[in-house]
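Asks: Sequential numbering from 1 applies to the sequence shown in the UniProt record's numbering.
One structure coming up, written as structure tokens, with questions to follow.
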Amino acid sequence: VQAVVDRELQELSLDDFKGQYLVLLFYPSQCTAPMEISAFSDALEQFTTLNCKVVAVCANATTTQLEWVETPRSQGGLEGVAIPMIADPSKDLCSSHGVSAPNLSTSALYIISPDQTLHQVCVAVPFHTQVLCRVDDALTVVRAMQEEAAATAGPEHTPSASEGPGPAAAPPTTPEPTPAPAPAPASTPTPTP
């Protein structure tokens, strides 16, 4: 599919993100969620630290996306947005992910693991104005997925680069010395009458 990446048109496939965590944001158009798209872009470094990519999928044509990326944020645009934005004017990608119906698209957030297993889905109620996709929530889910993957892999597992750093290890602790139990009193034989 075509996407706007670094203010240029490129071909992009979701297979390009195998081996990484992926936050996939669906929006009917950029004009419905410029603040959310900008917020995810602004937090890109935090996601990168977790070996996680963020991609927006919008129903607009790529030419519209290019215009939005060049429009200042103060005017409702997406100037400076660093996340790839896939153009889906046919709504094929949106439909295949369950966030589109004839004449209707809605917002959604999908979080996908490095093996391309879908772990989290949040889909907005159509025409509902509440913000659906929050950066902190997505970061929390990705961290939890990494912790679960590390726990499932066992203590001898060392995360690969594709799995990210995983949870921070606690420093080793030295157990407090416990006093030895006091010796039992010597038993004295009781005289028998």
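Every residue, glycine too, gets a C-beta built ideally from N, C-alpha and C.
As the structure is a computational prediction, the values presented were derived from the model and not from experiment.
Starting from residue 79, trace the alpha helix (DSSP H) in both directions and tell me its first and last residue.
Replies: Careful: residue 79 lies outside any alpha helix (DSSP H) and carries neither H nor E.
Asks: Can you list, in chain order, the stretches of the beta strand (DSSP E) that have 3 or more residues and sit fully within the stretch 13-65?
Replies: Counting whole runs of 3 or more residues, the stretch 13-65 contains the beta strand (DSSP E) stretches 21-27, 52-58.
Asks: My output table needs one value for residue 5: the three-state DSSP class, helix, strand or coil.
Replies: Note: residue 5 maps to strand in three-state DSSP.
Asks: Taking C-beta to C-beta, are residue 236 and residue 107 nearer than 8 Å?
Replies: Since the first residue of the chain shown is 1 and the last is 193, residue 236 is not available in this structure.
Asks: Cα-Cα, which of 53, 68, 45 is closest to residue 33?
Replies: Ranking 53, 68, 45 by Cα distance to residue 33 puts 68 first.
Asks: Could you tell me the boundaries of the beta strand (DSSP E) in which residue 83 lies?
Replies: Here residue 83 belongs to no beta strand (DSSP E), and DSSP marks it neither H nor E.
Asks: Measure the C-alpha to C-alpha separation of residue 86 and residue 143 and round it to an integer number of angstroms.
Replies: Cα to Cα, residue 86 sits roughly 25 Å from residue 143.
Asks: If we count the other Cβ atoms within 10 Å of its Cβ and call it buried at 16 or more, is residue 199 buried or exposed?
Replies: Coverage of the chain is limited to positions 1 through 193, which leaves residue 199 absent and any answer about it impossible.
Asks: Find out if the Cβ-Cβ distance for the pair residue 53, residue 14 is shorter than 8 Å.
Replies: Against a cut-off of 8 Å, the Cβ pair of residue 14 and residue 53 comes out as no contact.
Asks: Distance check for residue 57 and residue 76, CA to CA, integer angstroms please.
Replies: Cα to Cα, the separation comes out at about 18 Å.
Asks: Have a look at the DSSP bridge pairing and note the partners of residue 238.
Replies: Nothing about residue 238 can be read from this structure; the chain reaches only from 1 to 193.
Asks: What do you get for residue 59, buried or exposed, if any count of 16 or more other CB atoms within 10 angstroms of its CB means buried?
Replies: Buried is the call here.
Asks: Is it buried or exposed, residue 8, if we count other Cβ atoms within 10 angstroms and call 16 or more buried?
Replies: Looking at its Cβ environment, which holds fewer than 16 other Cβ atoms inside 10 Å, residue 8 is exposed.
Asks: So, at 7 Å on beta carbons, what are the nonlocal neighbours of residue 65 in its own chain, with the 5 sequence-adjacent residues on each side left out?
Replies: Once the five neighbours on either side are set aside, the close Cβ partners of residue 65 are 4, 30, 58, 85, 87.
Asks: Measure the C-alpha to C-alpha separation of residue 74 and residue 146 and round it to an integer number of angstroms.
Replies: If you take the alpha carbons of residue 74 and residue 146, they lie about 36 Å apart.
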